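**Q** Please read through the structure below; I'll follow up with questions.
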Amino acid sequence: MKKQTISIGIALGFMAGVCACTPQLGRDSDERVVAAMTTEEKINLLVGTCLDFPKPPMPTPNTIHRPAMPSGYDDQDFVSSVRMQGRVRGSAGQSYAIPRLNIPAIVFCDGPVGVRIDTFATAFPSTCLLASTRDTALVYRVGQAIGEEMLSLGVDILLAPGMNLMRNPLCGRNYEYFSSDPDLCADIASAYVRGLQSCGVGACLKHFAVNNQETYRNGIDVQLSDSLLRTLYLHAFERVVKEAQPWTIMSSYNRINGVFASENHYLLTDILRREWGFGGFVMTDWWAEEDPVRMQQAGCNMQMPGTPDQKEQLRQALADGRLDEAVLDSNVADVLRIIRRTPTFRGVTYDGQPDFEAHAALAREAAAKGMVLLKNEQQTLPMTQIAQQRVALLGVGSYNVYVGGSGSGNVTRKYKVSLVDALQNAGCLLDTQAVTMYKNYVQTELGKQPAENFWCVPTVAEKAIAMPELNRLAQDNDIAVLTLQRMAGEGADRQLVKGDYYLTDTEQALLTNCVAAFHKQNKRVVLLLNIGGSIHLTDINALPDAILLTWLPGQEAGNAMLDVLSGKQPPMGKLPMPFYYAYEDVPSATNFPWSDGDANKVCYREGFAQPARTLYPFGYGLTY
Ligand code: GLC
2 MKKQTISIGI
12 ALGFMAGVCA
22 CTPQLGRDSD
32 ERVVAAMTTE
42 EKINLLVGTC
52 LDFPKPPMPT
62 PNTIHRPAMP
72 SGYDDQDFVS
82 SVRMQGRVRG
92 SAGQSYAIPR
102 LNIPAIVFCD
112 GPVGVRIDTF
122 ATAFPSTCLL
132 ASTRDTALVY
142 RVGQAIGEEM
152 LSLGVDILLA
162 PGMNLMRNPL
172 CGRNYEYFSS
182 DPDLCADIAS
192 AYVRGLQSCG
202 VGACLKHFAV
212 NNQETYRNGI
222 DVQLSDSLLR
232 TLYLHAFERV
242 VKEAQPWTIM
252 SSYNRINGVF
262 ASENHYLLTD
272 ILRREWGFGG
282 FVMTDWWAEE
292 DPVRMQQAGC
302 NMQMPGTPDQ
312 KEQLRQALAD
322 GRLDEAVLDS
332 NVADVLRIIR
342 RTPTFRGVTY
352 DGQPDFEAHA
362 ALAREAAAKG
372 MVLLKNEQQT
382 LPMTQIAQQR
392 VALLGVGSYN
402 VYVGGSGSGN
412 VTRKYKVSLV
422 DALQNAGCLL
432 DTQAVTMYKN
442 YVQTELGKQP
452 AENFWCVPTV
462 AEKAIAMPEL
472 NRLAQDNDIA
482 VLTLQRMAGE
492 GADRQLVKGD
502 YYLTDTEQAL
512 LTNCVAAFHK
522 QNKRVVLLLN
532 IGGSIHLTDI
542 NALPDAILLT
552 WLPGQEAGNA
562 MLDVLSGKQP
572 PMGKLPMPFY
582 YAYEDVPSAT
592 NFPWSDGDAN
602 KVCYREGFAQ
612 PARTLYPFGY
622 GLTY
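For the sequence shown, the tail end lands on 625 under my numbering, and the numbers increase by one without skipping.
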């Protein structure tokens, strides 16, 4: 017995001894931890854990529409099974754990309007709405609320904010960005990052850099002068790096003057680290296809979500001398420095129960404060007696609100409030025939489409209403409220067609005839715009008596719209980008989404040009 005890004692001592001399992250210096790592461990840490989500089809030149997902790709069982590999279901990726060195796996989730996971989180208003508020204290609170939800849901890094400039109104992800102006973008992004990181979680500025379109985003060569790059397109990133110290940055898919951003030493090391003093780590955008060896050498620390092939390429490069292991050591050190700051490393336990009620109230407040009043003839708004007014509620968008756009930034939410819900909850006198007709139509049309998933938000075409019915509505009601809407999202740019940048014939007729019918009765028409970026309003701007730009207002959309329409929250939003008089007035119009007929390149020839003619200029917004 004694001998067994001794041998066990020696074994435990040895184990303790190994533990004692095996460097531990947080206990020992990072340098010692790096020195103790095997080459394989370094490679594993610098490539995401390869959640074996198959790579979706990547765009090719001349493909202006997002390639369709392979059949079954969105199959919930498949997706769930893959995502089960992650500690947090629905996360976008994870890093590699090395327990013997006390290095945990950390979790990355998308934003930017909330924590995108498979269950649900609060869907805050779109970021271009946040920019419309100009209210950095409010945006700080939104960032903080998202950070609180990250803590509760077990998320370490949020892949947000997206902060590319709105170079052209047709960019599919403008709803996920802030502004066409670099300083407004920086003001709002800084507040967002400081609020989020005040919770001890990390932000990720994206997409670094000059990712101002979705068309062929993973291969297009963006050609621009160094002064334009630095003064306009890097300015907001520079300010946020210096003002808010983001933990991470995501390199963009595109090339910049011939070199992929993720392989761009000038961008990622010379400018970002040596000039700006960035102290975090850089990750690729998901499935960026470039050479992991060149990425590591450029200062792109982590390939996400990671593939086995990327690991093999690094092994080979080390073996044949194309890659110096000292490069990996430096990139590993950057990653460890951030891992040590994460809630996971700090052992924060999470309960999955954020204060959703408080955050819903904040989402409603922010949405209402970011809406922009574009027109208000004869004090049509506010509708101070809204509960007593007989309202003809028209437009599919009044019954099926778009709370956000599509793509990785589409947050799964517990509910959404459309305008009809808010008005009915407030006891408003809605025209029952209109409500019944629209509800039936929307339900039928949505029933013909697949359920929403983050890549695809079902859309319903506007419904025509004949003139006799519009005349009846004008006789039976006191005012008309009509919503027009647009969906947009990642992977494809918007198009210069009816139904996107332009109104459809049905929308044009509905608005024109509704105004004619109600004006004949000396009654008013309010137009709401549930859109994520500017559209062509010049032809219809004179028609309605009031125009309220609601953007994509998050899950509390309808309640926020009610708060502004009723005057409970006077509109305070100011446009974060111009609404152009005509598309031809857009400075980049002749160089979007490519230049000289070559789908492999886009030249930023517009330089610092300001728009020649705007219908509503940057900064415009009325109030009451
Ligand atoms: C996507 C997006 C990026 C997102 C990432 C993870 O391709 O470009 O914004 O954070 O992949 O979903």
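A virtual CB, placed ideally from N, CA and C, is assigned to each residue, including glycine. It should be emphasised that the depicted structure is a prediction, and the values quoted were computed from it without experimental measurement.
Any chance you could list the alpha helix (DSSP H) runs of at least 4 consecutive residues sitting entirely within the stretch 275-362, in chain order?
**A** 293-299, 309-320 and 326-340
**Q** Got a sec? Which residues, its chain only, sit under 7 Å from R218 by beta carbon, not counting five neighbours each side?
**A** The count along the sequence shown starts at 1 and reaches residue 218 at position 217. Answer for R218: P60, N212, Y254 and N255, listed in chain order.
**Q** Check whether the stretch 389-409 and the stretch 162-176 touch, using three or more Cβ-Cβ pairs below 8 Å as the test.
**A** Under the 8 Å Cβ criterion, the stretch 389-409 counts as touching the stretch 162-176, having at least three qualifying pairs.
**Q** I'd like to know if the stretch 86-97 and the stretch 369-385 are in contact, where contact means that at least 3 CB-CB pairs between them fall below 8 Å.
**A** no
**Q** Can we say the stretch 90-107 touches the stretch 40-47, given the rule of at least three CB pairs closer than 8 Å?
**A** yes
**Q** Go ahead and pull the three-state DSSP assignment for Y141.
**A** In the sequence shown, residue 141 corresponds to position 140, counting from 1. Reduced to three states, the DSSP call for Y141 is helix.
**Q** In chain order, what residues of the same chain have a beta carbon less than 8 Å from the beta carbon of S8, not counting five sequence neighbours either side?
**A** Counting from one through the sequence shown, the residue named residue 8 turns up at place 7. The predicted model places S8 with a pLDDT of 41, which falls under 50 and marks its position as unreliable; any figure quoted below should be read in that light. Here the set comprises nothing.
**Q** Given that a residue counts as buried once 16 or more other Cβ atoms are within 10 Å of its Cβ, and exposed if not, what is S263?
**A** Position 262 of the sequence shown, counted from the start, is the residue given in the question as residue 263. Under this definition S263 is a buried residue.
**Q** Is W287 near ligand 1, in the sense that its beta carbon is under 7 Å from a heavy atom of that ligand?
**A** Taking the sequence shown and counting its residues from 1, the one referred to as residue 287 is at position 286. Yes, since a heavy atom of ligand 1 falls inside the 7 Å radius drawn around the Cβ of W287.
**Q** According to DSSP, is I536 helix, strand or coil?
**A** Counting from 1 along the sequence shown, the entry for residue 536 is found at position 535. Note: I536 maps to coil in three-state DSSP.
**Q** Where does N441 sit, in a helix, a strand or coil, going by DSSP?
**A** Here residue 441 refers to the residue found at position 440 of the sequence shown. In this structure, DSSP gives N441 a helical state, which the three-state scheme calls helix.
**Q** Would you mind giving the Cβ-Cβ distance between L483 and L512, rounded to the nearest angstrom? I have them listed as a contact below 8 Å.
**A** Looking up residue 483 in the sequence shown gives position 482. Looking up residue 512 in the sequence shown gives position 511. Contact flag correct, Cβ pair sits at about 6 Å.
**Q** Would you kindly report the start and end of the unbroken beta strand (DSSP E) that includes K43?
**A** Along the sequence shown, one-based indexing puts residue 43 at 42. For K43, no beta strand (DSSP E) encloses it; the enclosing alpha helix (DSSP H) starts and ends at T40 to L46.
**Q** For C205, write down the residues that DSSP places opposite it in a beta bridge.
**A** Position 204 of the sequence shown holds residue 205. C205 pairs with T249.
**Q** Between E291 and ligand 3, is the CB less than 7 Å from at least one heavy atom?
**A** The ligand content of the structure shown is limited to ligand 1, which means ligand 3 is not among them.
**Q** Tell me whether A122, by its Cβ, gets closer than 7 Å to a heavy atom of ligand 1.
**A** Residue 122 sits at position 121 when you count from the first residue of the sequence shown. Not under cutoff, so the answer is no.
**Q** Compute every distance between the C-beta of G115 and the non-hydrogen atoms of ligand 1, then say whether any falls below 7 Å.
**A** Indexing the sequence shown from 1 puts residue 115 at position 114. No, ligand 1 has no heavy atom inside 7 Å of this Cβ.
**Q** Sorry if obvious, but does the Cβ on S409 come closer than 7 Å to a heavy atom of ligand 1?
**A** Locating residue 409 in the sequence shown gives position 408, counting from the first residue. Indeed, a heavy atom of ligand 1 lies less than 7 Å from the Cβ.
**Q** Do you know how far the Cα of Q486 is from the Cα of Q434?
**A** By 1-based counting over the sequence shown, the position of residue 434 is 433. By 1-based counting over the sequence shown, the position of residue 486 is 485. About 22 Å.
**Q** Beta carbon of D111: closer than 7 Å to some heavy atom of ligand 1?
**A** Against the sequence shown, residue 111 aligns to sequence position 110. Yes, ligand 1 has a heavy atom inside 7 Å of this Cβ.
**Q** Using CA atoms only, rank isn't needed, just tell me which of Q556, G534, L273 and I466 is closest to H360.
**A** As a working mapping, residue 360 is identified with position 359 in the sequence shown. Nearest of Q556, G534, L273 and I466 to H360, Cα basis: Q556.
**Q** Have a look at the DSSP bridge pairing and note the partners of V260.
**A** To locate residue 260, count along the sequence shown from 1; it is residue 259. The partner list for V260 (beta bridge, DSSP) reads I257.
**Q** I387 by DSSP, collapsed to three states: which one?
**A** Here the question's residue 387 lines up with position 386 in the sequence shown. Here I387 sits in coil by DSSP.
**Q** Got a sec? Which residues, its chain only, sit under 6 Å from L315 by beta carbon, not counting five neighbours each side?
**A** Residue mapping note: residue 315 aligns to position 314 of the sequence shown, counting from 1. Counting only Cβ-Cβ distances below 6 Å, and skipping sequence neighbours, we find I44 and P293.
**Q** I need the boundaries of the alpha helix (DSSP H) containing L166, first residue and last residue.
**A** Position 165 of the sequence shown, counted from the start, is the residue given in the question as residue 166. Where L166 is concerned, there is no enclosing alpha helix (DSSP H), given that its DSSP letter is neither H nor E.
**Q** Pull up the distance between the alpha-carbon of Q476 and that of Q522, whole angstroms please.
**A** Residue mapping note: residue 476 aligns to position 475 of the sequence shown, counting from 1. Residue mapping note: residue 522 aligns to position 521 of the sequence shown, counting from 1. Note on geometry: alpha-carbon atoms of Q476 and Q522 lie some 7 Å from one another.
**Q** Please report the distance separating the alpha-carbon of F609 from that of L233.
**A** Position 608 of the sequence shown holds residue 609. Position 232 of the sequence shown holds residue 233. Those two C-alpha atoms are separated by around 8 Å.
**Q** Classify N165 as buried or exposed, calling it buried when 16 or more other Cβ atoms lie within 10 Å of its own Cβ.
**A** Residue numbering aside, residue 165 sits at position 164 when the sequence shown is read from its first letter. With 16 or more Cβ atoms within 10 Å of its Cβ, N165 is classed as buried.
**Q** CB-CB under 7 Å to R274, same chain, minus the five flanking residues each way: which ones, in chain order?
**A** Along the sequence shown, read from residue 1 onward, the residue named residue 274 stands at position 273. Cβ neighbours of R274 beyond the five flanking positions: G300.
**Q** Compute the Euclidean distance between the alpha carbons of N426 and L420, then round it to the nearest angstrom.
**A** Here residue 426 is taken as the residue at index 425 of the sequence shown, counted from 1. Here residue 420 is taken as the residue at index 419 of the sequence shown, counted from 1. Going by the C-alpha atoms only, they are around 10 Å apart.
**Q** Are the CB atoms of S127 and M578 nearer to each other than 8 Å?
**A** Mapped onto the sequence shown, residue 127 falls at position 126. Mapped onto the sequence shown, residue 578 falls at position 577. No, Cβ-Cβ distance for S127 and M578 is not below 8 Å.
**Q** For V108, which residues does DSSP report across the bridge?
**A** Within the sequence shown, numbered from 1, the residue matching residue 108 stands at position 107. Beta-bridge pairing links V108 to Q95.
**Q** Let me know the secondary structure DSSP gives G622 once reduced to three states.
**A** Here residue 622 refers to the residue found at position 621 of the sequence shown. In the three-state DSSP reduction, G622 falls in the coil class, being neither helix nor strand.
**Q** I think P113 touches E177, with their Cβ atoms under 8 Å apart; what is that distance to the nearest whole Å?
**A** Here residue 113 corresponds to residue number 112 of the sequence shown, with the count starting at 1. Here residue 177 corresponds to residue number 176 of the sequence shown, with the count starting at 1. The pair is a contact, with the Cβ atoms about 6 Å apart (cut-off 8 Å).
**Q** Can you give me the C-alpha to C-alpha distance between A452 and I272, rounded to a whole angstrom?
**A** For the purposes of this step, residue 452 is taken as residue 451 along the sequence shown, with counting starting at 1. For the purposes of this step, residue 272 is taken as residue 271 along the sequence shown, with counting starting at 1. The alpha-carbon of A452 is positioned some 44 Å away from that of I272.
**Q** Starting from the C-beta of Y416, find all residues in its chain whose C-beta is less than 8 Å away, skip the five residues before and the five after it, and write them out in chain order.
**A** As a position in the sequence shown, residue 416 is number 415, starting the count at 1. Answer for Y416: Q556, listed in chain order.
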